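Participant:
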Amino acid sequence: MLSRVAERLYWSARYLERVENTARLVSVYDDLLYDLPQNVVEISWYNLIEINSGVEAFNHRYKVRDERNVVKFLLSDDDNPSSLLSSLTLARENIRTTRDVLPNEMWELVNELDLYAKQNIKQGINRSARHAYLNTIIEGCQKIIGLLAATMDRDAGWQFLILGRYLERVDMNTRILDAATSLMMQAQPGQDMELGQVVWSKVLKSQSAYLSFRRTMRCSIRGAKAVTFLLNDPYFPRSQRYCAEQIKLAAASLPRAGIVIACADKLLEHTRTVEHSSELNTEFSNYLNDIQLDIIALHHQITENWFNFQKGEAA
Amino acid sequence: MDKLTQNYNSGVFFDELIDATGKARAPAQQLLEYLDNLPTEELEKRRITAEATVQEMGISFTVYTEEGNIDRAWPFDIVPRTIAAKDWAITAQGLKQRLTTLNRFIDDLYHDQRCIKDGIIPEHIIKDSKNFRPECVGVSPKYGVWAHICGTDLVRDEHGEFFVLEDNLRVPSGVSYMLENRAITKRVLPELFENDEILPVGAYTSDLFDTLAALSPRDIERPEIVVLTPGIYNSAYFEHAFLAQQMGVELVEGSDLFVDEDDCVYMKTIYGPERVDVIYRRIDDLFLDPEAFHPDSVLGVAGLMRAWKAGNVALANAPGAGVADDKVVYAYVPELIRYYLNEEPILKNVETFLCDNEEDREYVLAHLDELVVKPANESGGYGMLVGPHSTKKEQQLFAELIKANPRNYIAQPTLKLSTAPTLIGKGSLEPRHLDLRPFILQSKDTYVTTGGLTRVAMRKGSLVVNSSQGGGSKDTWIVDTKGA
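So the sequence lines, in the order shown, correspond to chains A and B. So for the first sequence, UniProt numbering puts the first residue at 1; every next one is plus one. So for the second sequence, UniProt numbering puts the first residue at 1; every next one is plus one.
1) Could you tell me if B/K268 is buried or exposed, where buried requires 16 or more neighbouring beta carbons within 10 angstroms of its beta carbon?
2) Does any CB atom of chain A fall closer than 8 Å to the CB of B/Q29?
3) By Cβ distance, which residues of its chain are closer than 8 Å to A/S27, with the 5 residues on each side in sequence left out?
4) According to the neighbour-count rule (16 or more other Cβ atoms, all chains shown, within 10 Å of its Cβ), is A/C219 buried or exposed?
5) At least one CB of chain B closer than 8 Å to the CB of A/A264: is that the case?
6) Do you know how far the Cα of B/L336 is from the Cα of B/Y143?
7) B/A244: which of B/V373, B/I220, B/E51 and B/V278 sits nearest, CA to CA?
8) Is any beta-carbon of chain B found at less than 8 Å from that of A/A315?
9) Compare the C-alpha of A/T174 against each of A/L16, A/N21 and A/R61 and name the closest.
10) Suppose you measure from the CA of B/G451 to the CA of B/E56; what does that come to, to the nearest Å?
11) Would you say the segment 206-218 of chain B touches the segment 103-111 of chain B, given that touching needs at least three Cβ pairs under 8 Å?
12) Using the Cα positions of A/A315 and B/V301, report the straight-line distance between them to the nearest angstrom.
13) For B/L434 and B/D285, I'd like the C-alpha separation in whole angstroms.
14) Look at the alpha carbon of B/G383 and the alpha carbon of B/I283, and state the distance between them as a whole number of angstroms.
15) Could you tell me the boundaries of the beta strand (DSSP E) in which B/R81 lies?
16) Of the residues A/S82, A/W158, A/S87 and A/K63, which one's Cα is nearest the Cα of A/A6?
17) Would you verify that the beta carbon of B/E250 is, or is not, closer than 8 Å to some beta carbon of chain A?
18) List the residues of chain A whose Cβ lies closer than 7 Å to the Cβ of B/I283, in chain order.
19) Bridge partners of residue 486 of chain B, per DSSP?
20) Grab me the residues of B/A484's own chain with a C-beta within less than 7 Å of its C-beta, minus the 5 sequence neighbours each way, in chain order.
21) Please state whether the Cβ-Cβ distance between B/F13 and B/L436 is less than 8 Å.
22) According to DSSP, is A/W45 part of a helix, a strand, or is it coil?
23) Could you name the residues of the same chain whose beta carbon sits closer than 8 Å to that of A/L147, not counting the 5 residues immediately before and after it, in chain order?
24) Taking the alpha carbon of A/L230 as the point to measure from, which residue in A/E67, A/V274 and A/Q197 has its own alpha carbon closest?
25) Assign B/S206 to buried or exposed, taking buried as 16 or more other Cβ atoms, counted over all protein chains shown, within 10 Å of its Cβ.
26) Indicate whether the contact test is met: 3 or more Cβ pairs, each with one atom in the segment 300-315 of chain B and one in the segment 155-168 of chain B, closer than 8 Å.
27) Taking 7 Å as the line, does the beta carbon of A/V101 fall inside it for any heavy atom of the ligand GDP?
28) By a C-beta neighbour count over all protein chains shown, 10 Å radius and 16 as the cutoff for buried, is B/Q93 buried or exposed?
29) Do A/L254 and A/A156 have their C-beta atoms closer together than 8 Å?
30) Taking DSSP's pairing of strands, which residues face B/C150 in a bridge?
31) Does the beta carbon of B/Q245 sit closer than 8 Å to a beta carbon anywhere in chain A?
32) Under 8 Å between C-beta atoms, does B/T205 make it to chain A?
33) By the criterion of Cβ-Cβ separation under 7 Å, what are the contact partners of A/T97 in chain B?
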């Protein structure tokens, strides 16, 4: 497989996952803001910009940090390279140039999704139809993942899709945990019980983890338990451990994978549990930062190892 | 019920399917009988099926416009064009003869230039050719073959005789449409394929693979063959991807390849560098290698010419092969056939006036309103003057162009191109002009496609068949009528 084709597959999976995650995030935030106890904490849509490392780009473009601007920025802005529409455009471009290694219907599905997302973007921005819009986007992404699961050869191309998908997913997982942690740290003493219930259950819902958490952990929703589940559960397909395992497995079936496997192992080693909710403090925030660094290193190694190519290292 | 072909009349033109008395020609008999018995509604249904099939199969080509590039669906007419197998056999012989000669000629030009020394072709024609590459002098590609893939444009005159209009030896395109046209027609008129009289066309991609594999500089069982494309924005990208997929080889862009210190070409794969033996390149000469040609080309591969000259990689077509697809050289081809092969040409040229030649030039300038004037080195039907359809102002412009650079222009009489019945509107067949582009492959062996790509000028009376200028296409049937 050509390095260029592998790289495009990897990115098409990352962008597609980003589309789905962005839709999930906005969707759950909508829900969260309505359920928060009155005046417990200063929480605003702007937190979403911070989660997505979009502070600079956002402030460059907007003065007012209100719901409409934040949602516009996250869903439709051209000059936000991670906006839902930007990510979808990039996913489509990468798929367009790798059609020969993907199932036939893939191109059709991503075209359909792209058309829908663009034509109905106003529904995503206005609050009244937002939920339905975002749901359709999420379903569209899942349709594509389902198509791939059912029809694609488990060859090198498949493994690059897996690498891209799980890397993007584990990245988003840390961002969401970080956002929730910093939100909780802003809570007034005495409010944290009430607030914690709402915040952590929304976090689980944003990851479709709510029911799975209930079944697996068999306890009420507390910060420590939710975080532990999202970091360390070996079976839940969005947990940090599961994502890292998938990356490791995919890498292992690709050639010359040693250094990438080592990076994935490092991420696994750093995957921990949390005993008590009081541990969700600044130190934990720093921990999540280190995880982000592990993820960046992993992406870097994947790129260097298979895509960027040094002349002269003959086979 | 009125028969579909009842009022059909192609006038002074030779019609491919229906003779001057209104009767079906032998190879078209079954087809026309079938169409005549098809209710209008059913015919319309078939037309819609064809349109949907084109969409579904994603058969498209790119048109460059000021507003940007548009991916257009391939315009397709469902009524096939038929040719008798016995006529085709002779034409195919003629095409082989012609390409064999052209390859001898190219090889001669880059070595001893005997044809110039023997006075067959004037030296300045070659010296002034935009497509003569001094970088290629002395190089000896395998089998002495430079043009491995050739698309030759044929037309039929009012008597039904085939003439060669031009030879495309650089990066001819269209063969994928020939294959797709057949695939569509099989879906649209399946009943007609039940008998074996329509000869199949599907062998092309495996013939192409064999032609390319035979060029490998390494004697190994599975030589690494790639198709080199300028990328997704090229008008023929669909075809590049199609051929790579059908042959089971990699479709690469310039940035996927590099030439190492050993002067071999490698492609960048996830397994590390892999050596490439044969490159079917769909990039023009001048963009192939920034080291040797345009230094700012980002499409090519630095050092590719070095690797090719060292014999470490085969390029199809070889750089410099385009010297023989100059429209001035074209005029000399019949003479070249006699010279190199000592045979009479099987296929005739269209009468051609060389503006380079004083007597011819005077004639051309005096008859601009009757002739078709073409630049020597353009393709795609760009930069032409079609005399009878031109204004006085256009003729004046061309007179000046010719006087300024006579070597660069040729002129030909306006041809009475043959026609074939084409579905125009609901249930109505009208004659439309067409040509035929067969593809000829040459390396160790020589192959000719069974028929070729038929291009149709969809506008009434138009002679321009290029897809970039409103042309369409139809399936081409070589029909074995068992001696009839």
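Note that the Cβ used here is the ideal one computed from N, Cα and C, for glycine as well. The structure presented is a predicted model; accordingly, all values stated were derived computationally and were not measured.
Facilitator: A quick look at the data gives this:
1) buried
2) no
3) R130, H131, L134, N135, I138 and S206
4) exposed
5) no
6) 19 Å
7) B/V278
8) Its pLDDT being 41, under 50, A/A315 is placed unreliably in this model, and the coordinates cannot settle the point.
9) A/N21
10) 25 Å
11) no
12) Residue placement at A/A315 is poorly supported in this model, since its pLDDT is 41, which falls under 50; the coordinates still yield a value, given next. Approximately 20 Å between the Cα atoms of the pair.
13) 30 Å
14) 21 Å
15) F76 to A84
16) A/W158
17) yes
18) Correct list: empty, because the minimum Cβ distance to chain A is about 16 Å.
19) Because chain B is modelled from 1 through 484, residue 486 of chain B falls outside the range shown and cannot be assessed.
20) Because B/A484 sits at a pLDDT of 49, beneath the cut-off of 50, its placement in the model cannot be relied upon, and the point is left open.
21) no
22) coil
23) P103, E105, M106 and L109
24) A/V274
25) exposed
26) no
27) Summarising the ligand content, the structure contains no ligands, and the ligand GDP is consequently not present.
28) exposed
29) yes
30) B/I440
31) yes
32) no
33) I232
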